[in-house]
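Worksheet: the structure to be examined is printed underneath.
Number of protein chains: 2
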Amino acid sequence: MSDAVSPLASPFPALPAIAGVTPRVARAGYKDWGRCDLTYVELAAGTAVAGVFTRNVCCSSEVELGREQVKAGKARALVVNAGNSNAFTGYRGREAVEQIMAQVAGHLGCDPREVFVSSTGVIGVPLPRDKAREGVANALAAAPCGWEDAARTIGTTDTFPKGAMAQAVVDGRTVTLAAIIKGSGMIAPDMATMLGYVFTDCAIAPGYLQELLAAAADRTFNCITVDSDTSTSDTVLAFATGQAGNQRINCGGCPGADAFAAALEDVCRQLAHLVVRDGEGAQKFIAVTVSGAVSDASARKVGLAIANSPLVKTAIAGEDANWGRVVMAVGKAGEPADRDRLSIGFGGVWCAREGLPLADYDEAPVAAHLKGQDISIEVDLGLGDGRATVWTCDLTHGYISINADYRS
Amino acid sequence: MSDAVSPLASPFPALPAIAGVTPRVARAGYKDWGRCDLTYVELAAGTAVAGVFTRNVCCSSEVELGREQVKAGKARALVVNAGNSNAFTGYRGREAVEQIMAQVAGHLGCDPREVFVSSTGVIGVPLPRDKAREGVANALAAAPCGWEDAARTIGTTDTFPKGAMAQAVVDGRTVTLAAIIKGSGMIAPDMATMLGYVFTDCAIAPGYLQELLAAAADRTFNCITVDSDTSTSDTVLAFATGQAGNQRINCGGCPGADAFAAALEDVCRQLAHLVVRDGEGAQKFIAVTVSGAVSDASARKVGLAIANSPLVKTAIAGEDANWGRVVMAVGKAGEPADRDRLSIGFGGVWCAREGLPLADYDEAPVAAHLKGQDISIEVDLGLGDGRATVWTCDLTHGYISINADYRS
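The listed protein sequences derive, respectively, from chains A and B.
If you count the first sequence from 1, position 400 lands on 1023 in this note's numbering, and the numbers rise without skipping.
If you count the second sequence from 1, position 260 lands on 883 in this note's numbering, and the numbers rise without skipping.
Take a look at the structure:
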């Protein structure tokens, strides 16, 4: 965790324990720091798992293995290494992951493929196997910890620990979701985002959990961007222990399926927003809503072009209602748009409608809105019914300071 | 022109006069500044013209009109307004451009469609017609000026005037190309770059000039990026007065066609590099060379993904040989790549070969290279023969300072 906390930070919520889920943290010493950097979460037998992963083709061994592992749908443990991403480390990196899987599987008496491993940090340095072995041993011997400790331990350049919860009534039982996430840079859509973990006591078939997680990710994690960069490691996993006692949800028609899906999307959205709120150097949280596009997918692409534009992001940092830069970003998105139907606003006040600056445009309420921390940009393309909201943060001196002096 | 000159600035070269080309500058007062902001270049009767334009779909009226005008291939004058881009200003913006075209055509006794207009500056404010009328009148009455004055007058956030020249022997005659350009932000490929003008005395058919300019732009202007943002206005025009006395070049088989093409690409590359050297906040000039791609086009896309990555650009700003961020950028490009064949180097020294950090990697020469102003990044994908070089600059506090406080 960094010293200077993001001005957009949220306090860590009161997250309940989830039946069948036991987190622990320990020191592996992946970097020369005096903090816990290995998180171990034990999961009861019978836990279902689903996952979505980075699309970066230079992904880590953890991601390659994880993609295979979720196909079997079963999990008994999660290990998260912080400080070393183990990406671009070839066979040595893969051996380190397999060592961790084997060590935990030996302890639990399970199949190594039921042990999920994530790593985050610098790229290109193989995870040191001796430190990993000792760290895992320490974690297996440690007392259980709370969610906030786990959320802190998976963090790297994060400035505050991030968690979220939701509940749903499924088949007459209250099921609970508790979730943690890390990430503040190298954040861009297409599941190239962060390390996020959702734990629930709901009984749900892994195939259907996968379907719901992929859909939720598309509307949450894949709609945020900090810097358009796409990590080689990042991963969101959902674990369901099934201990809430509900009849297992197998498909969309099952009792409570919709309620669970809504709760899952809710925690995913909370987690995604928290990552943006900890965007490197972020001073403002920006929601970009695009309507009137030819499709929802097109609206999302236009929204991301705006949210990724350095000129838009610096304008917001400067509290400047520079809607001309929004016009530019719409135009470069490569999606259908018509300059003469385009409307642009900030904070619910239109600056330009149908291709022309408003004659009676009053900048005062817009200027007041831009002085706040939560900014909205509205774009109406005037072409169809497509709609999407994406979230980002502003681009500030803080981003440069953090990233021009990150390694070593 | 800004006060603080880019540390990467080049002195303005000695540019020769071009027969049939007469530049003048004047004050229109588009902004409240004490400088010339209207450039007028008169072209002899019989001048051929070609142009490449932004692909931003929210382009300005100047771009819309210019695209139509180049089809006829004839030009008699160029007017460039600085301080107001006249983009996203609807019919009022278009009327302002048509007024300028008519005013100049009336003076020259030519077709208004032979008068080319460009505008650069803030988006969304219609070009004031009274100021334009007076500015053009002032320019028509002004004494001819040198290229450096013209280059300064087309500039906005530029920190130094930019010019380039080349010569070629065509059909036994020496033909000369003199060129000026402006641009330092909102620079990204796909001809969404800047305002650039090439003037030559070569006799060449407009259709073939268009072909050569488009090809040269693809290897020069479309291979640079400052911030991935794509302007709504930007334009490169080439004017050929035909007064060098060579037999007109009509196609690739004509005498001197190859020599002229090489000279044209040479000035375009010089101009493109100058824009990067004035990239907003730039402290370092970065050449990214990608080899071993499945095609040249694929190599260029991978190169641009690296050159547009904020994390790569901030690493270079921090003089950090963080090749892991280059791996990340290769992986997010969406082009064929194989982590285990990938090699990455800086300044001609490999850091990683075929998917693994080099065991005997000596960071000292790389660190020394990164302390310089001219940085090279080499990437070998190990897949095929595709190759491309793209150019960018680093991302620094200067970019944030300039862009978080740009609009009045």
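Every residue gets a Cβ at the ideal spot worked out from N, C-alpha and C, and that includes glycine.
*Per DSSP, what kind of secondary structure is C1016(A) in: helix, strand or coil?*
Here residue 1016(A) refers to the residue found at position 393 of the first sequence. C1016(A): strand per DSSP, three-state reduction.
*State the DSSP-derived secondary structure class of E721(B), mapped to helix, strand or coil.*
Here residue 721(B) is taken as the residue at index 98 of the second sequence, counted from 1. Correct three-state label for E721(B): helix.
*chain A beta carbons: is any one of them nearer than 8 Å to that of D781(B)?*
Walking along the second sequence from the start, residue 781(B) turns up at place 158. Answer no: the Cβ-Cβ gap between D781(B) and chain A never drops below 8 Å.
_For I641(A), the residue or residues it bridges with in DSSP_ = Position 18 of the first sequence, counting from 1, holds the residue named residue 641(A). DSSP, once it has assigned bridges, lists no residue as partnering I641(A).
_Taking 8 Å as the limit between beta carbons, can you name the residues of its chain near R948(B), skipping five residues before and five after?_
As a first step, residue 948(B) must be located in the second sequence, where it is residue number 325. Taken in chain order, the residues that qualify are S932, L934, V935, A938.
*For chain A, find out if any of its Cβ atoms is closer than 8 Å to the Cβ of K785(B); answer yes or no.*
Your numbering for residue 785(B) matches position 162 in the second sequence. No, no contact with chain A.
_Test item: CB-CB of M788(B) and L638(B) under 8 Å_ = On the second sequence, position 165 is the one that residue 788(B) refers to. On the second sequence, position 15 is the one that residue 638(B) refers to. Yes; because the gap between Cβ atoms is below 8 Å, this pair is in contact.
*asked:* Could you check whether the Cβ of P812(A) sits closer than 8 Å to any Cβ belonging to chain B?
replied: Your numbering for residue 812(A) matches position 189 in the first sequence. Unreliable positioning characterises P812(A) in this predicted model, as indicated by a pLDDT of 39, which lies under 50. The coordinate reading is nonetheless provided below. Chain B, which has no Cβ nearer than 8 Å to the Cβ of P812(A), makes this no.
*Does the beta carbon of N704(B) sit closer than 8 Å to a beta carbon anywhere in chain A?*
Position 81 of the second sequence, counting from 1, holds the residue named residue 704(B). Answer no: the Cβ-Cβ gap between N704(B) and chain A never drops below 8 Å.
*For the segment 709–730 of chain B, enumerate the residues whose C-beta is nearer than 9 Å to any C-beta of chain A, in chain order.*
A710, F711, T712, G713, Y714, R715
*Quick check: the segment 857–876 of chain B against the segment 673–691 of chain B, are there 3 or more CB pairs under 8 Å?*
yes
*Comparing the C-beta of C681(A) with each C-beta of chain B, is any distance below 8 Å?*
For the purposes of this step, residue 681(A) is taken as the residue at position 58 of the first sequence. C681(A) counts as touching chain B.
*May I ask you to report which of helix, strand or coil DSSP gives Q996(B)?*
Here residue 996(B) corresponds to residue number 373 of the second sequence, with the count starting at 1. Correct three-state label for Q996(B): coil.
_Judging by CA-CA distance, which residue of A651(A), R900(A), S921(A), G904(A) is the nearest neighbour of L750(A)?_
The residue given as residue 750(A) occupies position 127 in the first sequence. When only C-alpha atoms are compared, the closest one is A651(A).
*Rounded separation between G732(B) and Q870(B) - CA only*: Indexing the second sequence from 1 puts residue 732(B) at position 109. Indexing the second sequence from 1 puts residue 870(B) at position 247. The straight-line gap from Cα to Cα measures roughly 28 Å.
*asked:* Give the list of continuous beta strand (DSSP E) stretches no shorter than 3 residues that lie fully inside the segment 877–932 of chain A.
replied: 908–916
*asked:* Taking its Cβ as the centre, do 16 or more other Cβ atoms sit within 10 Å of E691(A), making it buried, or is it exposed?
replied: The count along the first sequence starts at 1 and reaches residue 691(A) at position 68. E691(A) comes out exposed.
_D813(B) to F844(B) span [Cα, whole Å]_ = Along the second sequence, one-based indexing puts residue 813(B) at 190. Along the second sequence, one-based indexing puts residue 844(B) at 221. Low confidence applies here, because D813(B) scores a pLDDT of 37, under 50, leaving its location unreliable and the question unanswered by this model.
*Counting only beta-carbon atoms, is M788(B) nearer than 8 Å to chain A?*
Taking the first residue of the second sequence as position 1, residue 788(B) is located at position 165. No, M788(B) lies away from the interface with chain A (no Cβ there is under 8 Å from its Cβ).
_Proximity test, Cβ basis, 8 Å: M951(B) and chain A_ = Residue 951(B) sits at position 328 when you count from the first residue of the second sequence. It does; some Cβ of chain A falls within 8 Å.
*Grab the span of the beta strand (DSSP E) containing V738(B) for me, first residue to last.*
As a working note, residue 738(B) is residue 115 in the second sequence. V738(B) -> beta strand (DSSP E) spans 738–745.
*Please name the residues in the segment 990–1017 of chain A whose beta-carbon is closer than 9 Å to at least one beta-carbon of chain B, in chain order.*
D1017
*Beta-carbon spacing of F822(B), A837(B) below 8 Å*: The residue given as residue 822(B) occupies position 199 in the second sequence. The residue given as residue 837(B) occupies position 214 in the second sequence. No; because the gap between Cβ atoms is not below 8 Å, this pair is not in contact.
*Please check if any C-beta of chain A sits within less than 8 Å of the C-beta of P988(B).*
Along the second sequence, read from residue 1 onward, the residue named residue 988(B) stands at position 365. With 8 Å as the cut-off, P988(B) does not count as an interface residue toward chain A.
*asked:* By the DSSP assignment, the alpha helix (DSSP H) with G689(A) in it spans what residues?
replied: Residue mapping note: residue 689(A) aligns to position 66 of the first sequence, counting from 1. Residues 684–695.
*Should T848(B) go down as buried or exposed, given a rule of 16 or more other Cβ atoms within 10 Å for buried?*
The residue given as residue 848(B) occupies position 225 in the second sequence. Per the 10 Å Cβ criterion, buried.
*Quick one: Cα of V648(A) to Cα of A755(A), how far?*
Here residue 648(A) corresponds to residue number 25 of the first sequence, with the count starting at 1. Here residue 755(A) corresponds to residue number 132 of the first sequence, with the count starting at 1. Going by the C-alpha atoms only, they are around 13 Å apart.
*In chain B, which residues lie with their C-beta within 7 Å of the C-beta of T598(A)?*
Examination of residue 598(A) is not possible in this model, given that chain A is present from 624 through 1031 alone.
_Quick check: what's the CA-CA separation for R752(A) versus D734(A)?_
Walking along the first sequence from the start, residue 752(A) turns up at place 129. Walking along the first sequence from the start, residue 734(A) turns up at place 111. Cα to Cα, the separation comes out at about 20 Å.
*Segment limits, alpha helix (DSSP H) that includes L836(A)*: The sequence position of residue 836(A) within the first sequence is 213, counting from 1. Here the alpha helix (DSSP H) through L836(A) covers 829–842.
*Below-8 Å beta-carbon distance, W946(B) vs any chain A residue*: As a working note, residue 946(B) is residue 323 in the second sequence. At least one chain A Cβ lies under 8 Å of W946(B).
*What first and last residue would you give for the beta strand (DSSP E) that runs through E665(A)?*
As a working note, residue 665(A) is residue 42 in the first sequence. That run of the beta strand (DSSP E) goes 661–676.
*Distance between I1025(B) and E903(B) (C-alpha atoms, nearest Å)*: Translated into positions along the second sequence, residue 903(B) becomes position 280. Translated into positions along the second sequence, residue 1025(B) becomes position 402. Near 7 Å, if we compare the C-alpha coordinates of I1025(B) and E903(B).
_Contact with chain A by T797(B), beta-carbon distance below 8 Å_ = Residue mapping note: residue 797(B) aligns to position 174 of the second sequence, counting from 1. For T797(B), the answer is no, since every Cβ of chain A falls outside 8 Å of its Cβ.
*Option nearest V989(A) by Cα separation, candidates G1005(A), D943(A), I803(A)*: Locating residue 989(A) in the first sequence gives position 366, counting from the first residue. It is D943(A) whose Cα lies nearest to the Cα of V989(A).
_Cβ distance (whole Å) where A1043(B) is taken to contact E665(B) below 8 Å_ = Not covered by the structure: residue 1043(B). The range shown for chain B is 624 to 1031.
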